[in-house]
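As given, the protein sequences belong to chains A and B, one line each in that order.
Mind the numbering: the first sequence is residues 1 to 429 in the numbering used here, read in order.
Mind the numbering: the second sequence is residues 430 to 858 in the numbering used here, read in order.
Backbone N, C-alpha and C define an ideal beta-carbon position, used for all residues, glycine too.
If you're wondering where the values come from, they're calculated on a predicted model, not measured in any experiment.
In what follows, a structure is listed as structure tokens, so that the remarks can point back to it.
2 protein chains.
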Amino acid sequence: MPTSSAPVKIAVLGCGTVGTQVVRLLLEQADDLAARVGAPVDLAGVYVRDTSKPRDAVVPVGLLTSDAEALVDQADVVVELMGGMEPARALILRALARGAAVVTANKALLATHGAELHEAADAAGADLYYEAAVAGAIPLVRPVRESLAGDRVTKILGIVNGTTNYVLDEMTTKGLNYDDVVAEAQRLGYAEADPTADVGGHDAAAKAAILASLAFHQRVALDDVYCEGITEVTADDIIAAKETGRVIKLLAVAEQADAGVTVRVHPALLPKDHPLANVRGAFNAVFVEAEAAGELMFYGQGAGGAPTASAVLGDVVSVARHKANGGKGPRESNYARHEVLPMDAAMTRYAVRMSVADRPGVLAQVASIFAEHEVGIESVRQMAGRGHAGLILSTHRAPESALRATVEALRGADSVNDVWSVLRIEGEA
Amino acid sequence: MPTSSAPVKIAVLGCGTVGTQVVRLLLEQADDLAARVGAPVDLAGVYVRDTSKPRDAVVPVGLLTSDAEALVDQADVVVELMGGMEPARALILRALARGAAVVTANKALLATHGAELHEAADAAGADLYYEAAVAGAIPLVRPVRESLAGDRVTKILGIVNGTTNYVLDEMTTKGLNYDDVVAEAQRLGYAEADPTADVGGHDAAAKAAILASLAFHQRVALDDVYCEGITEVTADDIIAAKETGRVIKLLAVAEQADAGVTVRVHPALLPKDHPLANVRGAFNAVFVEAEAAGELMFYGQGAGGAPTASAVLGDVVSVARHKANGGKGPRESNYARHEVLPMDAAMTRYAVRMSVADRPGVLAQVASIFAEHEVGIESVRQMAGRGHAGLILSTHRAPESALRATVEALRGADSVNDVWSVLRIEGEA
Chain A
1 MPTSSAPVKI AVLGCGTVGT QVVRLLLEQA DDLAARVGAP VDLAGVYVRD TSKPRDAVVP
61 VGLLTSDAEA LVDQADVVVE LMGGMEPARA LILRALARGA AVVTANKALL ATHGAELHEA
121 ADAAGADLYY EAAVAGAIPL VRPVRESLAG DRVTKILGIV NGTTNYVLDE MTTKGLNYDD
181 VVAEAQRLGY AEADPTADVG GHDAAAKAAI LASLAFHQRV ALDDVYCEGI TEVTADDIIA
241 AKETGRVIKL LAVAEQADAG VTVRVHPALL PKDHPLANVR GAFNAVFVEA EAAGELMFYG
301 QGAGGAPTAS AVLGDVVSVA RHKANGGKGP RESNYARHEV LPMDAAMTRY AVRMSVADRP
361 GVLAQVASIF AEHEVGIESV RQMAGRGHAG LILSTHRAPE SALRATVEAL RGADSVNDVW
421 SVLRIEGEA
Chain B
430 MPTSSAPVKI AVLGCGTVGT QVVRLLLEQA DDLAARVGAP VDLAGVYVRD TSKPRDAVVP
490 VGLLTSDAEA LVDQADVVVE LMGGMEPARA LILRALARGA AVVTANKALL ATHGAELHEA
550 ADAAGADLYY EAAVAGAIPL VRPVRESLAG DRVTKILGIV NGTTNYVLDE MTTKGLNYDD
610 VVAEAQRLGY AEADPTADVG GHDAAAKAAI LASLAFHQRV ALDDVYCEGI TEVTADDIIA
670 AKETGRVIKL LAVAEQADAG VTVRVHPALL PKDHPLANVR GAFNAVFVEA EAAGELMFYG
730 QGAGGAPTAS AVLGDVVSVA RHKANGGKGP RESNYARHEV LPMDAAMTRY AVRMSVADRP
790 GVLAQVASIF AEHEVGIESV RQMAGRGHAG LILSTHRAPE SALRATVEAL RGADSVNDVW
850 SVLRIEGEA
């Protein structure tokens with residue numbers, strides 16, 4: 001399709017798995033992209049630290065440069081795929097200050113310095129897009145920011161980390177222990193040699209901060225997110241979950257209550273017929289509850305070169321179209337000032353699994369401890385053992401602080417041998 | 430939040446279930462909407478045929494008018510929720526000609542007159558948005574049009590009609606007959622007194638035309654869509670599906686092949702672990718395959734006043750924001766010219782269920798008929814009966830024309846008593 005406008009010049013910073021795929025798509029689909037943008041889309045250059053390192057054949061050697069600043073300074077659109085804090089942050093700020101649009105997949109940077117970057121974009125009247133930073137290929141930022149712009153999001157539950165979803169899935173379907181599954185996942189390349197960022201919930205926490213910012217129209221930073229990983233989840237927890245008709249998933253939860261919002265990442269029990277319960281392996285999914293729209297779910301690949309590149313390219317088309325039309329997209333709304341509540345104020349339901357003495361009166365003592373802390377019991381399930389009894393108590397909604405005090409009191413009670421686990425329950429009324 | 434721009438005037442045409450909810454949200458969330466739009470959003474009036482008819486208390490009587498043209502002529506944004514062809518078409522064209530933005534939920538109008546409406550919008554430089562027309566509350570138009578703008582959609586499979594999904598679901602979970610479930614659904618208000626538009630697949634076909642237009646960047650009209658409803662699906666079909674590990678869903682399918690695109694609506698077999706297989710009751714879901722993004726799914730409520738109103742409001746915010754900024758959104762891309770192929774050229778897999786004579790050599794004869802028509806057999810499953818045998822043959826991918834010729838030949842073969850059903854298989858490699 002012939003286009004009359006001047007070309008939009010794209011700079012790509014970083015050429016790892018995602019960068020390589022972005023370069024491939026920019027070159028292979030140049031005609032389609034030009035038709036969608038309304039102007040030719042020219043790849044001006046690709047910043048890499050070492051231009052002599054061998055690259056995938058799809059990356060033209062002549063486009064490589066080790067001078068990131070010079071590249072940024074000639075671009076209309078800067079695509080940041082380096083990861084990490086610096087020099088990514090400085091280069092994005094440099095690009096925005098020039099009025100260039102920025103597309104980034106850098107969740108850690110956004111979760112840490114999001115407010116600064118968005119302010120810089122607003123000040124310069126420049127676009128800052130980041131669809132690929134939250135859940136890989138899944139279109140989520142645009143639907144939440146624009147399609148639900150006339151609605152009120154009340155809650156988000158997300159499976160946003162493929163590694164932990166894979167590990168919990170393998171533990172569930174194969175009955176394996178956490179350590180064995182992680183070791184196997186490392187062998188297969190599904191988990192990093194140091195898996196802390198994934199299994200500790202930190203990657204999910206960065207995404208939770210971005211999701212909450214979007215959903216609640218205000219900046220939520222990584223520090224505001226309560227974070228608990230999957231390292232303490234045992235095979236017994238998974239068996240017990242099954243017995244109560246539930247599965248365990250690592251969830252990113254952002255919730256709006258009267259007093260403020262809570263944002264948290266932790267393993268949670270979900271009923272097995274919940275739409276998120278069937279999300280398998282490395283797939284991601286985000287479940288959204290909105291006042292008018294009701295329940296929505298977005299599902300797809302959360303990582304990988306080509307899927308992430310698809311999300312990056314969608315953003316590139318949007319911001320390049322704005323550039324070709326001499327404008328910019330809607331400013332990200334940031335007008336709300338809900339208090340971000342501490343974890344103690346989070347309200348949810350809990351399943352407390354414990355070993356108690358096998359004698360009359362024990363249940364009465366346990367129940368009275370819950371009652372003293374005003375935590376309502378929804379159901380009790382007993383499992384016989386040798387000389388002791390296993391109990392699973394599911395509670396009604398209660399504040400985290402009350403639940404913690406209850407568990408402390410349980411641990412001190414003479415009829416309670418041990419509190420094995422406390423898991424939050426989500427996705428049930 | 431203070432806004433400096435002039436108010437954006439909204440006209441709502443039609444005040445049924447969806448219109449009432451749109452009016453409610455426009456009035457209740459006026460402050461939030463102003464913050465998101467960057468200008469006050471004023472409801473200028475609501476067109477109804479009969480202003481004296483009693484309305485829900487959320488609709489201010491003073492805003493009602495029976496003069497649609499006068500209302501349209503003073504609006505910046507016209508929200509069309511009347512349904513039907515006329516006067517909806519004429520009023521939308523009138524609004525666009527004035528340069529007003531139009532938001533509509535009218536799938537039948539878009540599927541029939543979409544080309545004319547989009548041309549009028551392009552000619553006037555006006556926005557035409559229709560998120561609510563495809564799958565109710567599910568954000569789908571924006572993600573496909575914008576988030577996947579740098580990718581290539583190869584296939585869409587959608588559950589886009591809640592009534593038929595409910596009917597098939599009840600037949601599956603309760604083992605009931607089609608007629609009994611439809612009668613019960615009518616009694617409960619889940620199906621219309623005349624359910625033809627739903628069970629005949631016509632409602633899904635209109636949505637398929639819109640989805641295909643979006644996905645393949647060209648106009649696909651209702652006449653281009655092959656349409657087969659669920660009226661012929663029997664309890665036996667559902668039992669046989671279960672025995673082969675599948676479920677039956679009414680699917681809207683849009684697929685791109687080398688020779689062109691096919692767009693079709695029909696009952697189809699899906700493997701029971703496919704993400705669409707677990708979509709229950711009145712929920713809708715659309716599964717998208719794209720070259721780079723891989724598999725995506727969008728899930729939510731496909732109908733209902735508040736959910737549909739949420740999608741309408743998202744569009745209203747977008748077009749009102751463009752109005753407040755003196756611009757319009759991106760023109761819908763319409764540059765592709767794939768041939769829309771007839772159903773005979775559609776390629777898919779099939780499950781053929783038939784009664785054959787219970788004697789040696791029968792399978793050889795049946796298999797040779799498939800071979801003559803170059804339809805590969807993937808698996809054969811036998812079910813014993815009295816004096817006959819039931820067979821389910823699953824084929825490899827074959828063109829519809831070859832399958833039809835095969836079935837005709839089977840019907841004439843002396844060892845085949847009857848061909849009970851032919852169902853297309855989707856969602857398997």
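Please state whether the Cβ-Cβ distance between residue i and residue j is less than 8 Å.
{"i": "L363(A)", "j": "V380(A)", "result": "yes"}
{"i": "A774(B)", "j": "H802(B)", "result": "no"}
{"i": "A97(A)", "j": "A120(A)", "result": "yes"}
{"i": "V181(A)", "j": "E192(A)", "result": "no"}
{"i": "G294(A)", "j": "G618(B)", "result": "no"}
{"i": "L13(A)", "j": "L91(A)", "result": "yes"}
{"i": "V23(A)", "j": "V59(A)", "result": "yes"}
{"i": "G229(A)", "j": "V199(A)", "result": "yes"}
{"i": "A686(B)", "j": "M772(B)", "result": "no"}
{"i": "L538(B)", "j": "A440(B)", "result": "no"}
{"i": "R758(B)", "j": "S747(B)", "result": "It should be pointed out that residue 758(B) corresponds to Gly in this sequence rather than to Arg. Their beta carbons are under 8 Å apart, which means G758(B) touches S747(B) by this criterion."}
What would DSSP say about residue i, mapped onto helix, strand or coil?
{"i": "P307(A)", "result": "helix"}
{"i": "T449(B)", "result": "helix"}
{"i": "K757(B)", "result": "coil"}
{"i": "M1(A)", "result": "Note that M1(A) scores 40 on pLDDT, short of 50, meaning its location in the model is unreliable; the coordinates nonetheless yield the value given after this. The answer is coil: DSSP assigns M1(A) none of H, G, I, E or B."}
{"i": "H274(A)", "result": "coil"}
{"i": "M511(B)", "result": "coil"}
{"i": "Y178(A)", "result": "helix"}
{"i": "Q811(B)", "result": "strand"}
{"i": "N284(A)", "result": "strand"}
{"i": "V649(B)", "result": "coil"}
{"i": "A518(B)", "result": "It should be noted that the sequence gives Arg, not Ala, for residue 518(B). If DSSP states are grouped into helix, strand and coil, R518(B) belongs with the helices."}
{"i": "A681(B)", "result": "strand"}
{"i": "H373(A)", "result": "coil"}
{"i": "G412(A)", "result": "helix"}
{"i": "G491(B)", "result": "helix"}
{"i": "A34(A)", "result": "helix"}
Going straight from the alpha carbon of residue i to that of residue j, what length do you get?
{"i": "L852(B)", "j": "F287(A)", "result": "32 Å"}
{"i": "V233(A)", "j": "K249(A)", "result": "10 Å"}
{"i": "A95(A)", "j": "I138(A)", "result": "26 Å"}
{"i": "A614(B)", "j": "V356(A)", "result": "50 Å"}
{"i": "L643(B)", "j": "D505(B)", "result": "25 Å"}
{"i": "A133(A)", "j": "V741(B)", "result": "27 Å"}
{"i": "T625(B)", "j": "A706(B)", "result": "24 Å"}
{"i": "Q794(B)", "j": "H817(B)", "result": "15 Å"}
{"i": "S52(A)", "j": "K323(A)", "result": "33 Å"}
{"i": "V416(A)", "j": "R359(A)", "result": "11 Å"}
{"i": "V804(B)", "j": "D315(A)", "result": "43 Å"}
{"i": "A254(A)", "j": "P267(A)", "result": "14 Å"}
{"i": "R55(A)", "j": "R142(A)", "result": "32 Å"}
{"i": "L33(A)", "j": "L605(B)", "result": "50 Å"}
Among residues of its own chain, excluding the 5 on either side of residue i, which ones have a beta-carbon nearer than 6 Å to its beta-carbon?
{"i": "A765(B)", "result": "F645, H646 and Q647"}
{"i": "A544(B)", "result": "R648"}
{"i": "S873(B)", "result": "This structure does not reach residue 873(B), given that chain B is present from 430 up to 858, and the question cannot be answered."}
{"i": "M1(A)", "result": "With a pLDDT of only 40 at M1(A), under 50, the local geometry of the prediction cannot be trusted, and no value is derived from it."}
Grab me the residues of residue i's own chain with a C-beta within less than 7 Å of its C-beta, minus the 5 sequence neighbours each way, in chain order.
{"i": "H113(A)", "result": "R89"}
{"i": "T806(B)", "result": "Looking at the sequence provided, one finds Ile at residue 806(B) rather than Thr. Closer than 7 Å at Cβ, skipping near neighbours: A796, F799, L822 and T824."}
Within its chain, find whatever has a CB closer than 8 Å to the CB of residue i; leave out the 5 residues flanking it on each side and keep chain order.
{"i": "A831(B)", "result": "H802, E803 and V804"}
{"i": "A650(B)", "result": "A540, T541, G543, A544 and A638"}
- prompt: Does the count of Cβ pairs from the stretch 3–23 of chain A and the stretch 38–53 of chain A closer than 8 Å reach three?
  reply: Touching, per the Cβ criterion.
- prompt: Three or more beta-carbon pairs under 8 Å between the stretch 96–106 of chain A and the stretch 117–134 of chain A, yes or no?
  reply: Yes, the stretch 96–106 of chain A touches the stretch 117–134 of chain A.
Segment contact flag, the stretch 508–519 of chain B with the stretch 716–734 of chain B, C-beta cutoff 8 Å, min 3 pairs: Counting Cβ pairs under 8 Å, fewer than three are found: no touch.
query: Given 8 Å as the limit, is there contact between the stretch 631–640 of chain B and the stretch 663–678 of chain B, that is, 3 or more CB pairs closer than that?
result: Contact between the stretch 631–640 of chain B and the stretch 663–678 of chain B is absent, because fewer than three Cβ pairs lie under 8 Å.
- prompt: If you pair each beta-carbon of the stretch 155–174 of chain A with each one of the stretch 273–290 of chain A, do three or more pairs fall below 8 Å?
  reply: A contact exists between the stretch 155–174 of chain A and the stretch 273–290 of chain A.
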